[in-house]
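Protein chains in written order, with the working numbering: chain A, 1 to 462; chain B, 463 to 924; chain C, 925 to 1386; chain D, 1387 to 1848. The C-beta atom is built at its ideal place from N, Cα and C for all residues, glycine as well. None of the values given here were measured: they were computed from a predicted structure. Have a look at the structure below, then the notes.
Number of protein chains: 4
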Amino acid sequence: MNGTITIDAAAGAAPANDPADHGQADSGQADGGQADHNRAAREALLAGYQTVRQLTETLAAPLSPEDQQLQSMPDASPAKWHRAHVTWFFETFVLQPHKPGYCVFDEHFNYLFNSYYEAVGARHPRPERGLLSRPTASTVTQYRHYVDAAMTDLLDCADAAALSTLAPLVALGLAHEQQHQELLLTDIKHAFSKHPFAPAYQPPQSFSREESPALDFVDFAGGIVEIGHDGHGFAFDNEGPRHLTLLSPYRLATRPVTCGEYLAFMADGGYARPDFWLSDGWALVQREGWQAPLYWTHDPHHESWQVFTLTGRRAVDPAEPVCHVSFYEAAAYAAWAGKRLPTEAEWEHAAVSGRAEHAGGFLDRLHPHPRPLHDDGGDPASRLRGYGEVWEWTRSSYEPYPGFKPVAGAIGEYNGKFMVSQIVLRGGSCATPHGHIRPSYRNFFPPAARWQFSGIRLAEDL
Amino acid sequence: MNGTITIDAAAGAAPANDPADHGQADSGQADGGQADHNRAAREALLAGYQTVRQLTETLAAPLSPEDQQLQSMPDASPAKWHRAHVTWFFETFVLQPHKPGYCVFDEHFNYLFNSYYEAVGARHPRPERGLLSRPTASTVTQYRHYVDAAMTDLLDCADAAALSTLAPLVALGLAHEQQHQELLLTDIKHAFSKHPFAPAYQPPQSFSREESPALDFVDFAGGIVEIGHDGHGFAFDNEGPRHLTLLSPYRLATRPVTCGEYLAFMADGGYARPDFWLSDGWALVQREGWQAPLYWTHDPHHESWQVFTLTGRRAVDPAEPVCHVSFYEAAAYAAWAGKRLPTEAEWEHAAVSGRAEHAGGFLDRLHPHPRPLHDDGGDPASRLRGYGEVWEWTRSSYEPYPGFKPVAGAIGEYNGKFMVSQIVLRGGSCATPHGHIRPSYRNFFPPAARWQFSGIRLAEDL
Amino acid sequence: MNGTITIDAAAGAAPANDPADHGQADSGQADGGQADHNRAAREALLAGYQTVRQLTETLAAPLSPEDQQLQSMPDASPAKWHRAHVTWFFETFVLQPHKPGYCVFDEHFNYLFNSYYEAVGARHPRPERGLLSRPTASTVTQYRHYVDAAMTDLLDCADAAALSTLAPLVALGLAHEQQHQELLLTDIKHAFSKHPFAPAYQPPQSFSREESPALDFVDFAGGIVEIGHDGHGFAFDNEGPRHLTLLSPYRLATRPVTCGEYLAFMADGGYARPDFWLSDGWALVQREGWQAPLYWTHDPHHESWQVFTLTGRRAVDPAEPVCHVSFYEAAAYAAWAGKRLPTEAEWEHAAVSGRAEHAGGFLDRLHPHPRPLHDDGGDPASRLRGYGEVWEWTRSSYEPYPGFKPVAGAIGEYNGKFMVSQIVLRGGSCATPHGHIRPSYRNFFPPAARWQFSGIRLAEDL
Amino acid sequence: MNGTITIDAAAGAAPANDPADHGQADSGQADGGQADHNRAAREALLAGYQTVRQLTETLAAPLSPEDQQLQSMPDASPAKWHRAHVTWFFETFVLQPHKPGYCVFDEHFNYLFNSYYEAVGARHPRPERGLLSRPTASTVTQYRHYVDAAMTDLLDCADAAALSTLAPLVALGLAHEQQHQELLLTDIKHAFSKHPFAPAYQPPQSFSREESPALDFVDFAGGIVEIGHDGHGFAFDNEGPRHLTLLSPYRLATRPVTCGEYLAFMADGGYARPDFWLSDGWALVQREGWQAPLYWTHDPHHESWQVFTLTGRRAVDPAEPVCHVSFYEAAAYAAWAGKRLPTEAEWEHAAVSGRAEHAGGFLDRLHPHPRPLHDDGGDPASRLRGYGEVWEWTRSSYEPYPGFKPVAGAIGEYNGKFMVSQIVLRGGSCATPHGHIRPSYRNFFPPAARWQFSGIRLAEDL
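This is how it looks when you write it as structure tokens:
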């Protein structure tokens, strides 16, 4: 996602609970029923708002004011900035246009916390976000409280008409904040990895070592299939228009590539043999001296590979899905394995086939690292497992779907303008919030990016 | 093409005149007929060889030894290097494996004139090609004569069996050399543009100023269509496999965008308004201070735009197709015009529709700059004109076609390894040799590249 | 000072209050007298320790934990780092070797807070000091208390022999901490200047506008003179050996160049005419687009120059000494004025001539910006005024004095290894602590450095 | 010399044979004697002109047009550019002002071949000199002939008055050309070293291996001494004013450091131990991975060090003076040896003491590499040997002598504006033309420069 977030074109986005829809369906009811319905819709919206907003603070809780200011590379942002930016989003796109008499918390913030919306005015240079010692973390907390109070007030008083306007915007703002929750984690992980003593974001968790199930493939017949968001529930504008496409028969691996498999690639000269690599990837390997995924270090004392995680540094677990690999590494691994990466259409078609198994999100388990997959004894070849542990690089460049048109205005800057030189990733990761993973979701990053929880699922022609 | 060339996977490539095919068809004939046939095939092959090889020398003729050594950026190569590299190609892939007793001209040349074939060994760093004062231009001429003599000797003695092996390799080598002919021109153009006095590669030609025909569009119904090379004649491996794809109804402009139209975009703030631009493109515009296509300079005395061409500097002609624009500029122009760029499948389908008109190649007219289009009074909306004057940026990233597999060995490095972070261009330009333009041809360059003769054709949904 | 500090070669340094000296002088006294003397010496040393250490905390008090972590360029360090590094110095060079049973506060700190002592082991890369979110500012405060308690304990129990060892080391540590006090201010000033809203380090102070006295010159006859530290009181090793040198007759300006005079240079095309500039300086002016001293910005609304100071942004005061100029600007100004910069020997000879007037240090007045000079009605040509408001660039490269030899070991790394590509500055600034200004003091920075309080005093041949 | 040349402030420079001086001395002679004298002066001047000019062409003779265009780094210039620039110097400063009716060869050349004279107008960017394919080498040859003819014509017709004006300018132009002769060699050496096959500029010469004489030291008492050019013969403006300075007693090594001695430094961890190095030097060693002097490569097959020379690559000769070391390496070597580098005043005083032995210049022997020193059996401690084989780094920054003032106008840009961040070298090298070596000569380069023939002579305090 270019280290940034992408959000919905509000107009066409259907919120998870659309009060207007329900209102129409219930149009024959008495006023009392309508009022009840509105109250229920308001309460659901507010509950969703509070849940998402609270998670951001829970994620930031282990971080000191100094931690929250860290910016370890231009692509990453400080945790404090994430906390303020998502709040500015509600202030700018919900409160200012829709709450009469709303006073902004601090007029400077529009300059500081605008991410990339050219239409909203000038903004602070991205690589210098780490120099924003002011506002302090504690002022940002006040800012969040201030905006939360105004949002609560606004939603509490909303009638049916207001709700039909506000609900999609709030849904958008919350999806946006969820994207930043994942970035907050991946960015602080990168920052901590640069600290000489590699501090842990949270204490290590014990877990039982397991073998991952054997690699197998599921077959798909292809043909003319429909992909893109189907309009039920929230989606970003880049997930549509829904459209037909033509697929040749193909197979997808039942699970992501594991660290153990990746170690075999490394042992076989994976980083030393140009024939596996795209030309740009090979040049990068040479220039950067890559020998392993990001965050892996070789420990000469133990003759083994260590990995830095959000719970500290420890030995690489061969059963875990490999992650923090670039698209180049994913493609090189696939070439070495005699396979290829799936296209995004192949991936999405498989995900909605009824044979894919969602792995769950970070929110439910607070385990910020991909888990080894269980072998549950079922027939591995009947379904795809582990989807949602690591983002899966596809072989597809990030391009507009046929008929895609960005919305006019600031809202239109969210996705369309990034549609070049990026690769689509599908699925979701251990750091993706619950409710933010769906089959039509198009994540995207440049092919060299490694600081997301990005892994590999193999494909091949049938 | 990443400033480099891409060549065929020899195995599957069908040469223009395949003696083996003909031999099989004629297998019932007498020996004398077979011998005649072989002789004719040999002569045709040799004539093709001599024609292409001669053109390279004709193109280099206006250049002094010093000119031939210029390398003005890492993406470009010296003319001398092009002349030697294409010769090395014949030496390495034809003479060494197939001519018994062949002695290489100079064993150092494998290091110096290998472009990017990892499988063929170490090679000189690309950005330092301009430091190769040795061999001199005159030694390179000797090298060319030496290899030409050996090639002539080899082809002269080839029997039917040998011809069936050699013909595809020679076809490949010649297509390869044609690619470098175009690069030789675009590279020397760039180098001369850096000289303070902007020397002309050839004397200016007078031409009558004309109005270009009005812009119109041709409609296409879409549906399931077949694209990719059909196997008749030579093609590079990236043009296949031929496959079905699904197109929505669309329209294509009847001609490329002209300089006059582009000036209107510029006058309307084209380079100052971020809303037209992809994010990466806008960042580049800001960083590089782009205000116009490459080679355009504003003359404050004449209050007009000048353009540097291979025939010197002169006023911009509004009737000419605009060229030397990046993909970013092409996409921004399309956004400003309320249109979009075509996909490569849309383009190819249109090109084989019977309604596209080939503009001819550079070889026939020695006019190294796109010409204004004539308005010949026909119905403009019935066909696409001007194809072959400027390469046309598409909206398609350069990716493998379904089922594409690179060939093993050095030959497999030609195309597949560049399939990331590049955009496909279609058509051909005023600098493309005759016979090198075909509907299935996939040229490719990074989105920021401007030193090729790259222009814009608009499309829209129907 | 290369953005870093330089400290004494302990062996030869004479502390401000040398108990050993006094002990010898009093050798005939009774034990009681000796004991009294020791107590007085201990108390004086301790009082000095507490005063200097307290000032560091006073200077850091206006800074939040986030402010204290800012590193806005590789040459600057975070305030928190300064606070910890000077503490590490006492821990490493005083407590560890001289306090039996001393346990270091945190063994990681030797890696984090070593500045550049190769002999003391590996250390954290300087440009990444801003990424050290841990330890937090509050942990650094605990570290300071811990070391202060141990130091107090050590000094309280020191007998005469111990004092004679400790006193020079403590004097060195305190001089070192004073250097970092100045850097703490200049570094936070730079960091705040990068914040879009230019926060003030302390509230603005009102002051009466005054005219500065007219520029005049004081004559010196030159001849063989003695320069270098004379051994009374503390000095760094680079201030010796004291030695003879030969000076031609010369004159020095009675006061530093003012902003008003510098504005005249600017108005006369100072930054646009290469003939005033050293070649490297002119290249820098072109490359960086310098138009004025650092921290000056032109306000198009007011048609005037504004300056960012530690008390916020305000109009440039023509009566103030100009500061934040590089050596290149100082030399260009002197060339424009038809004068030259003094050599360091000329400067020092003048400073000890009895005709120089010390301006006082920052500590006494908490005014972190150079003040306008008063015209007190005395004969201006009789003495040099304003010395101590701005560091004064000399025309002397920073080189070893004749006979200079660095001490062996870590202690020898302090000064000698920086003696190339740096220019000597003399005097002291509004940010130099009281007691840290002396005529033999050799400050040094690269010629392009501008973030210190560096100004200009003119000289000429007599 | 900043990779460039420095020339005389014409006004004060005394040419080698000053006709005006002689004219005055002979003012009582008859006309005939005067005429004879003028003719002799003219002929001497012309002969000098022809000799120097011819040497440039002799030096360029082994270079092809392509070789002459090589620019392998921004600090170096193509041989063709040197040949044209020194010619432009005569055209601009002698012919245009002093030859009535002179027409410049090509008005473009003032832009192309001005090196750094801001007062003479805009000029081509230095790092792009290698892109000047036009004019060709052969046009530059014509340019030289054209200017030589005009110069010959001018000098042939000069009367006494004209000669007194012209002689100093011609002397200056010739000294300037001699500087570029040395640069032509060091620049082509650098360019050839970047070629993968390291071509030789001239064929290798056989020479008998010799032991170099043992290292010894010569003592000097110091005191007040006079340095700077004494006004007899030609000198650059930076060699004056002649002035007194005070020296402490010191010793200088009798010969430069040899490769054998330097190998001992390397074997003792010279490039791995920071305690020998200035801080900037150590950073450079780390960043660039320096392990040996420039042009040395380690041959793992022979377990020995090879050196690239103008006669090709061969084994390092332990008896030769080490060269192509930076100031940092010279200073580190001296620290390792327990010595120091001399100051430039110490060096010059020794050179005029009658105890220094000139080694001769390149012109006499066409041996473009420092020779081993002979042990001739004399008392080594009585004199300094080998001066003139390698430039000798001093411990002195390049600064103006007391009372130095640059001349007004273009002529004043030659030396003064480079007087910062450079180190003085003294002596001369195997590539310095005969007649261009003198004791007061101040060569200068940045401390990191290694592509000159720069070596080491040790000193120490007495």
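TODO: Just mark D:Thr-1538 as buried or exposed, buried being the case when its beta carbon has 16 or more other beta carbons within 10 Å.
DONE: Here the question's residue 1538 of chain D lines up with position 152 in the fourth sequence. Looking at its Cβ environment, which holds fewer than 16 other Cβ atoms inside 10 Å, D:Thr-1538 is exposed.
- [ ] Confirm the yes/no value for this check: CB of D:Gln-1677, any heavy atom of the ligand FAD, distance under 6 Å.
- [x] Judged by which ligands are present, the structure shown has none, so any question about the ligand FAD falls away.
Open item on the list: Against chain C, which members of the segment 1486-1519 of chain D pass a CB distance test of less than 8 Å?
Closed with: Tyr-1502, Glu-1504, Ala-1505
Task: Simplified DSSP assignment, three categories, for A:Ser-138 - done: The residue you call residue 138 of chain A lines up with position 138 of the first sequence. Note: A:Ser-138 maps to helix in three-state DSSP.
Task: alpha helix (DSSP H) segment containing C:Thr-1089, residue limits - done: Residue 1089 of chain C sits at position 165 when you count from the first residue of the third sequence. Residues 1084-1118.
Open item on the list: Tell me the DSSP secondary structure of A:Phe-404 in three-state form.
Closed with: As a first step, residue 404 of chain A must be located in the first sequence, where it is residue number 404. DSSP places A:Phe-404 in coil when its eight states are reduced to three.
Task: A:Gln-24, DSSP secondary structure in three states - done: As a position in the first sequence, residue 24 of chain A is number 24, starting the count at 1. With a pLDDT of 40 at A:Gln-24, under the threshold of 50, the modelled position of that residue is not reliable, and the figure given next carries that caveat. It is helical.
Task: Test: D:Leu-1570 CB closer than 7 Å to a CB of chain B - done: For this step, residue 1570 of chain D is matched to residue 184 along the fourth sequence. With 7 Å as the cut-off, D:Leu-1570 does not count as an interface residue toward chain B.
TODO: Taking only beta carbons into account, state which residues of the segment 194-205 of chain A come closer than 8 Å to chain C, listed in chain order.
DONE: Lys-194, His-195, Pro-196, Phe-197, Pro-199
- [ ] Enumerate in chain order the residues of its own chain whose CB-to-CB distance from B:Tyr-860 is below 6 Å, with the five nearest sequence positions on each side excluded.
- [x] Residue 860 of chain B sits at position 398 when you count from the first residue of the second sequence. For B:Tyr-860, where only same-chain residues beyond five positions count, the Cβ hits under 6 Å are Met-881, Gln-884, Val-886, Phe-906.
Open item on the list: With the cut-off set at 7 Å, would you say A:Ser-64 and C:Thr-1060 are in Cβ contact?
Closed with: For the purposes of this step, residue 64 of chain A is taken as the residue at position 64 of the first sequence. For the purposes of this step, residue 1060 of chain C is taken as the residue at position 136 of the third sequence. It is a contact, given that the beta carbons lie within the stated cut-off.
- [ ] On the DSSP bridge assignment, give the partners of B:Ala-799 in chain order.
- [x] On the second sequence, position 337 is the one that residue 799 of chain B refers to. B:Ala-799 pairs with nothing; no bridge assigned.
Task: Interface positions of the segment 521-532 of chain B facing chain D (Cβ-Cβ less than 7 Å), listed along the chain - done: Ser-526, Pro-527, Glu-528, Asp-529, Gln-531, Leu-532
- [ ] Go ahead and pull the three-state DSSP assignment for C:Phe-1368.
- [x] Taking the first residue of the third sequence as 1, we reach residue 1368 of chain C at position 444. Strand at C:Phe-1368.
- [ ] Starting from the beta carbon of C:Val-1344, find every residue of chain D whose beta carbon is closer than 7 Å, and list them in chain order.
- [x] By 1-based counting over the third sequence, the position of residue 1344 of chain C is 420. Result: Leu-1664, Asp-1666, Pro-1833.
Open item on the list: Between D:Leu-1632 and chain C, is any beta-carbon pair separated by less than 7 Å?
Closed with: What you label residue 1632 of chain D is simply residue 246 of the fourth sequence in a count that begins at 1. Cβ-Cβ to chain C under 7 Å: yes for D:Leu-1632.
TODO: For B:Arg-919, name the three-state secondary structure that DSSP assigns.
DONE: By one-based count along the second sequence, residue 919 of chain B stands at place 457. Looking at B:Arg-919 - three-state DSSP - the assignment turns out to be coil, as it is neither helix nor strand.
TODO: Taking only the alpha-carbon atoms, compute the straight-line gap between C:Ala-1191 and C:Cys-1247 and give it to the nearest angstrom.
DONE: In the third sequence, counting from the first residue as 1, residue 1191 of chain C sits at position 267. In the third sequence, counting from the first residue as 1, residue 1247 of chain C sits at position 323. If I take the Cα positions, the gap works out to 17 Å.
Task: Short Cβ contact (7 Å threshold) for B:Ile-899 with B:Ala-792 - done: Locating residue 899 of chain B in the second sequence gives position 437, where the first residue counts as 1. Locating residue 792 of chain B in the second sequence gives position 330, where the first residue counts as 1. Not closer than 7 Å, so no.
- [ ] Could you spell out the range, first to last residue, of the alpha helix (DSSP H) harbouring C:Thr-1011?
- [x] Taking the third sequence and counting its residues from 1, one reaches residue 1011 of chain C at position 87. Note, C:Thr-1011: alpha helix (DSSP H), 1003-1014.
Open item on the list: For the segment 755-772 of chain B against the segment 729-738 of chain B, do three or more pairs of beta-carbon atoms, one drawn from each stretch, fall closer than 8 Å, so that the two count as touching?
Closed with: no
- [ ] Tell whether a beta-carbon distance below 7 Å holds between C:Pro-1120 and A:Tyr-111.
- [x] As a position in the third sequence, residue 1120 of chain C is number 196, starting the count at 1. As a position in the first sequence, residue 111 of chain A is number 111, starting the count at 1. Result yes, Cβ atoms of C:Pro-1120 and A:Tyr-111 sit closer than 7 Å.
Task: For A:Val-218, the residue or residues it bridges with in DSSP - done: Numbered from its first residue, the first sequence carries residue 218 of chain A at position 218. Partner(s): A:Leu-252.
Task: Sub-7 Å separation of B:Thr-755 and B:Gly-848 beta-carbons - done: The sequence position of residue 755 of chain B within the second sequence is 293, counting from 1. The sequence position of residue 848 of chain B within the second sequence is 386, counting from 1. The residue you asked about is not Thr; residue 755 of chain B is Pro in the sequence shown. Cβ atoms of B:Pro-755 and B:Gly-848: not closer than 7 Å.
Task: Chain-ordered residues of the segment 1299-1332 of chain C with a beta carbon less than 8 Å from chain D - done: Arg-1319, Ser-1320, Ser-1321, Glu-1323, Pro-1324, Pro-1326, Gly-1327
Open item on the list: Considering only their Cβ atoms, is the gap separating D:Gly-1608 from D:Pro-1635 smaller than 7 Å?
Closed with: Start at 1 with the first residue of the fourth sequence, and residue 1635 of chain D comes out as number 249. Start at 1 with the first residue of the fourth sequence, and residue 1608 of chain D comes out as number 222. Yes; because the gap between Cβ atoms is below 7 Å, this pair is in contact.
Task: Contact check, A:Gln-181 vs A:Thr-51, beta carbons under 7 Å - done: In the first sequence, the residue the question calls residue 181 of chain A occupies position 181. In the first sequence, the residue the question calls residue 51 of chain A occupies position 51. Taking 7 Å as the Cβ cut-off, A:Gln-181 and A:Thr-51 do not qualify as a contacting pair.
Open item on the list: Taking only three categories from DSSP, how would you classify B:Ala-807?
Closed with: As a working note, residue 807 of chain B is residue 345 in the second sequence. Of the three classes helix, strand and coil, the one that applies to B:Ala-807 here is helix, per DSSP.
TODO: Report the residue from B:Tyr-903, B:Val-556, B:His-705 whose alpha carbon sits nearest the alpha carbon of B:Arg-888.
DONE: Taking the second sequence and counting its residues from 1, the one referred to as residue 888 of chain B is at position 426. Comparing Cα-Cα distances from B:Arg-888 to each of B:Tyr-903, B:Val-556, B:His-705, the minimum goes to B:Tyr-903.
Task: Exposure label - A:Cys-103; buried when at least 16 CB within 10 Å - done: Looking up residue 103 of chain A in the first sequence gives position 103. Exposed, by the Cβ-count rule.
Task: Test item: CB-CB of B:Leu-714 and B:Val-687 under 7 Å - done: Locating residue 714 of chain B in the second sequence gives position 252, counting from the first residue. Locating residue 687 of chain B in the second sequence gives position 225, counting from the first residue. Contact flag unset, no.
Task: Contact set between the segment 1703-1723 of chain D and chain C, restricted to residues whose Cβ is under 7 Å from the partner - done: none
Task: Contact set between A:Ser-72 and chain G, taken where Cβ atoms lie within less than 7 Å - done: Among the protein chains in the structure shown, which are A, B, C and D, there is no chain G.
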